[in-house]
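A quick write-up on the structure given underneath.
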Amino acid sequence: MFYKPFGLIIICIFFFHVYCISQISEENLIYIENFGSNPGNLKMFNYLNNKYNKNEPEPLVVVLHGCSQNANDVAELTGWNKLAELNNFIVLYPQQKFSNNSNLCFNWFKSKDIDKGKGECESIYQMIKYVTENYNIAQNKIYITGLSAGAAMSMALLATHPETFSAGAVFAGTAYRIANNPVTAMHVMFGNRHVSNFELAHKVVMQNVEYKGTYPKLIIYQGLSDPIVNHKNAGFIISQWSTICKMDTVPDKIETNFNNIKDITRFEYLNSDSVTNIIYYEIKDLGHRLLINPGKNNNEGGKTGLFGINKGFHSTYQTAVDFGLVK
């Protein structure tokens with residue numbers, strides 16, 4: 000989930016050390032070079048659906064890959080492009096560079112890359128601004144999602160730019176700024192970091208001291224058998240987001256056997272207006288993988304393999320439903 004100054008770190012991210020860089024052309028992604036000052040030294044790719052009409056505003060989904068992945072890998076794994084074609088939205092794929100991180104992880108635990116206006120976080124924000132300025136984007140329908148290190152970086156964007164996003168979804172992620180160096184990051188991944196709800200929320204508040212608006216809806220996926228990111232991290236994320244949203248951490252709705260799948264339990268947390276602001280999908284017998292359901296139906300897609308497992312549930316599709324993108 001991050002770079003390798005220590006041998007133990009290499010072991011912890013062995014799942015993300017198998018694949019090499021893929022051919023970008025496979026998913027028909029568009030490479031954008033000059034999108035801004037790019038202080039984080041990232042690459043930018045996007046996907047335009049074939050029905051894109053510059054006269055009609057479309058939603059935007061930002062997708063952040065995991066370690067040892069690139070834009071094409073995560074596009075194939077998740078199946079977001081298929082959903083973009085079916086539901087008319089644009090997908091943005093920021094991509095890490097080897098020169099920044101030899102494991103191609105987003106640097107989710109470095110202050111210089113996750114503070115507002117700095118490093119990789121700022122580069123991704125500049126990409127979003129580029130898309131909104133060069134394409135017809137519905138400003139109230141911008142979403143972000145990520146896997147593992149990409150999930151942690153998604154939390155950074157949600158924390159630093161809450162006014163930009165309608166919702167976010169994180170898969171095997173961590174709370175924002177819960178780690179600030181490789182050692183504390185290891186403790187976080189193993190579930191051994193202890194931070195109070197107030198401290199977790201304060202880390203978000205300090206990025207936008209003057210901000211008085213609301214924070215985006217948050218969707219969380221976590222496998223209970225994840226050997227890389229301990230399931231306790233879902234609790235840290237819920238604690239951070241519920242506190243910043245002035246909610247409690249007691250779920251208001253619990254649905255076991257979600258979608259008739261015995262391993263999935265869905266928890267909903269309502270805000271003071273009785274609107275769902277946090278959704279947590281807890282999955283039994285799931286390691287550090289994405290839930291994929293390959294097939295041709297609209298609610299099927301993605302690619303199984305080292306990063307994805309078929310449990311008859313396409314988590315990308317469900318995320319699109321929770322985002323309100325599915326027509």
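Numbering (numbering that gives the first Met the number 0), first residue to last: 0 to 326.
Virtual Cβ for every residue (Gly too), placed ideally from N, Cα, C.
None of the values given here were measured: they were computed from a predicted structure.
On a CA-only basis, which of the options is nearest residue i? Give me that one, please.
i	options	result
S241	N259, F257, V203	V203
V182	R192, A174, I282	R192
K302	Q68, G78, L103, E57	G78
T159	I113, G35, S273, D321	I113
D321	V228, Y279, L156	Y279
L324	E84, F170, S122	E84
I260	D284, T248, I243, D251	D284
L41	K50, P56, L63	L63
E198	F170, F235, Y214, C120	F235
D272	L223, M43, D251, L76	D251
Q221	C120, A137, F170	F170
N256	D225, G311, M185, I277	G311
P38	N99, A148, M154, I136	N99
I243	I29, H201, L269	H201
C120	A168, R176, N135, A70	R176
L103	N69, Y134, K295	N69
H287	I227, G167, Y268	I227
Using only the alpha-carbon positions, how far apart do residue i and residue j sit?
i	j	result
N309	E209	44 Å
E254	T264	6 Å
E132	L47	15 Å
S67	M188	17 Å
P58	K140	5 Å
Q239	Q206	14 Å
L146	N54	32 Å
Y129	L289	29 Å
K111	S122	12 Å
Q138	D247	29 Å
Q22	Y214	Because the pLDDT at Q22 is just 32, under 50, the model does not fix this residue reliably, and the value given afterwards should be weighed accordingly. The alpha-carbon atoms of Q22 and Y214 are separated by roughly 37 Å.
N258	E75	24 Å
F266	E281	8 Å
What distance in whole Å lies between the Cβ atoms of residue j and residue i, which are believed to be in contact at a cut-off of 8 Å?
i	j	result
I400	V73	Past the boundaries of the shown model lies residue 400; the chain is included only from 0 to 326, so the question cannot be answered.
S165	K117	Not really, about 24 Å apart at Cβ, beyond 8 Å.
V90	N45	6 Å
G212	Q125	Not a contact, Cβ separation roughly 21 Å.
T144	T275	About 17 Å; that fails the 8 Å criterion.
K50	N87	6 Å
A184	F108	4 Å
A148	G65	6 Å
Count the other CB atoms, across all protein chains shown, that sit within 10 Å of the CB of residue i; report buried if there are 16 or more and exposed otherwise.
i	result
K81	buried
K245	exposed
P161	buried
E32	exposed
S314	buried
Y142	buried
S24	Here the model assigns S24 a pLDDT of 36, short of 50, so the residue's position is not dependable, and the following value carries that caveat. Flag for S24 reads exposed.
S224	exposed
Y30	exposed
P293	exposed
N180	exposed
For chain B, check one thing: does any of its Cβ atoms lie closer than 8 Å to the Cβ of residue i?
i	result
P250	Checking the listed chains, one finds no chain B in this structure; it contains a single protein chain.
Quiz prompt | alpha helix (DSSP H) runs wholly inside the stretch 166-226, at least 4 long, in chain order | solution = 181-188, 196-204
Practice problem: Please list the segments of the beta strand (DSSP E) lying wholly inside the stretch 39-95, counting only runs of 3 or more residues, in order along the chain. | Solution: 42-46, 57-63, 89-94
Practice problem: Ignoring anything shorter than 4 residues or poking outside the stretch 95-139, list the alpha helix (DSSP H) runs there in chain order. | Solution: 110-113, 118-133
Exercise. Report the residue ranges of all alpha helix (DSSP H) runs contained in full by the stretch 225-294; include only those spanning at least 4 residues, in chain order.
Key: 231-243
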